[in-house]
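First the structure, in the form of structure tokens, and then the observations on it.
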Amino acid sequence: MNICYRLCVCLLALLATTASAAEHFSFRVLEKKPQSRSHFVQGLQIIDGMLYVGTGGYGQSRLLQYRLDDGELLAERRLHPRLFGEGVTVLGDRVYQLTWQARKLLVYNRDDLSPLAALSIPGQGWGLTHDGSELIYSDGSHRLYFLDPDTAQRQRSITVMESGMPVARLNELEWIDGRIWANVWQEDRIIVIDPASGEVTATVDLRGLLPLPERQPGTDVLNGIAYNPEDGGIWVTGKNWPWMYRIELRPLTAAAADSR
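What follows is the structure in structure tokens.
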């Protein structure tokens with residue numbers, strides 16, 4: 000009995016340690032750039048000085064390419080009115096854009112956004128990123144799927160867990176330093192995910208990022224994460240927000256994280 004009791008205590012201690020291992024961060028705004036309030040942002044990507052934005056809405060979905068430093072629009076592709084645009088990522092010389100319910104993954108030429116292909120995916124599309132070789136997408140559930148970028152065939156999947164509980168409504172995604180960063184729909188936070196285990200290793204509390212006076216009718220939820228590999232900058236935004244923000248993470252103690 001004594002041995003069983005000790006084993007149970009050790010197991011509970013181990014589980015508690017694992018559950019509390021996640022780091023917690025707040026933020027500080029370093030810079031902001033103007034963004035059209037008409038952009039119902041579903042995908043965001045920065046690479047080689049270019050900003051790629053995917054927007055949603057039936058009849059309003061687009062893929063846009065901007066120069067990051069001055070915001071000049073360089074290319075634009077409008078989706079068919081029956082397609083609702085979702086997450087965006089750039090891999091090699093291609094831009095990939097998910098659609099919500101049409102089960103299509105749209106593929107474009109990176110330079111001019113000319114269409115190359117429309118691949119089939121087995122379900123809804125929400126967020127999209129890549130790890131350098133495979134595409135990674137979310138479907139609004141607690142799972143993330145790894146796809147072959149040439150065929151969109153599923154290779155594997157992971158279940159995203161936080162403190163022993165699955166995290167659903169995973170939305171826009173970004174790959175940063177070997178981790179998957181994810182917006183959680185209707186939550187003012189980002190979670191950071193281990194791509195091997197699916198465990199949440201960190202959270203970023205973004206409450207108050209867009210001040211109340213900046214909010215208007217139609218201003219929607221936090222959505223959009225972009226990492227600039229040239230300077231390590233992390234940019235975040237939201238749907239129909241007037242700004243895109245470059246943020247710095249600030250560590251929170253566990254007590255401070257619980258009180259926010």
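Each step along the sequence shown adds one to the number in numbering that gives the first Met the number 0, with nothing skipped, and position 187 is 186. All C-beta atoms in this analysis are idealised placements derived from N, C-alpha and C, irrespective of residue type, glycine included. All figures in this text were calculated on a predicted structure; none of them were measured in a lab.
Contact under 8 Å by Cβ, residue i with residue j
| i | j | result |
| --- | --- | --- |
| residue 173 | residue 154 | no |
| residue 72 | residue 78 | no |
| residue 143 | residue 152 | no |
| residue 43 | residue 60 | no |
| residue 30 | residue 201 | no |
| residue 235 | residue 205 | yes |
| residue 48 | residue 68 | yes |
| residue 237 | residue 223 | yes |
| residue 139 | residue 87 | no |
| residue 45 | residue 239 | no |
Those residues which DSSP pairs with residue i across a bridge
| i | result |
| --- | --- |
| residue 181 | 172, 190 |
| residue 260 | One cannot answer for residue 260 here, as it falls past the ends of the chain, which runs 0 to 259. |
| residue 26 | 248 |
| residue 98 | 84 |
| residue 237 | 221 |
| residue 53 | 42, 62 |
Under the three-state DSSP convention, the category residue i falls into
| i | result |
| --- | --- |
| residue 127 | strand |
| residue 80 | coil |
| residue 85 | strand |
| residue 62 | strand |
| residue 229 | coil |
| residue 213 | helix |
| residue 199 | strand |
| residue 166 | coil |
| residue 93 | strand |
| residue 207 | coil |
| residue 158 | strand |
| residue 74 | strand |
| residue 146 | strand |
| residue 137 | strand |
| residue 36 | coil |
| residue 69 | coil |
Spatial neighbours of residue i in its chain, beta-carbon cut-off 7 Å, leaving aside the 5 residues before and after
| i | result |
| --- | --- |
| residue 183 | 166, 168, 169, 170, 190 |
| residue 241 | 33, 34, 36, 213 |
| residue 100 | 83, 123 |
| residue 119 | 102, 103, 151 |
Distance cut-off 7 Å: residue i Cβ against heavy atoms of the ligand FMN
| i | result |
| --- | --- |
| residue 155 | Although the ligand FMN was asked about, the structure shown includes no ligands whatsoever. |
Spatial neighbours of residue i in its chain, beta-carbon cut-off 8 Å, leaving aside the 5 residues before and after
| i | result |
| --- | --- |
| residue 3 | Low confidence applies to residue 3: its pLDDT is 46, below 50, so where it sits in the model is not reliable, and the reading given next is rough at best. Cβ neighbours of residue 3 beyond the five flanking positions: none. |
| residue 111 | 74 |
Own chain, CB closer than 6 Å to residue i, minus 5 neighbours either side, in chain order
| i | result |
| --- | --- |
| residue 105 | 96, 117 |
| residue 247 | 27, 29 |
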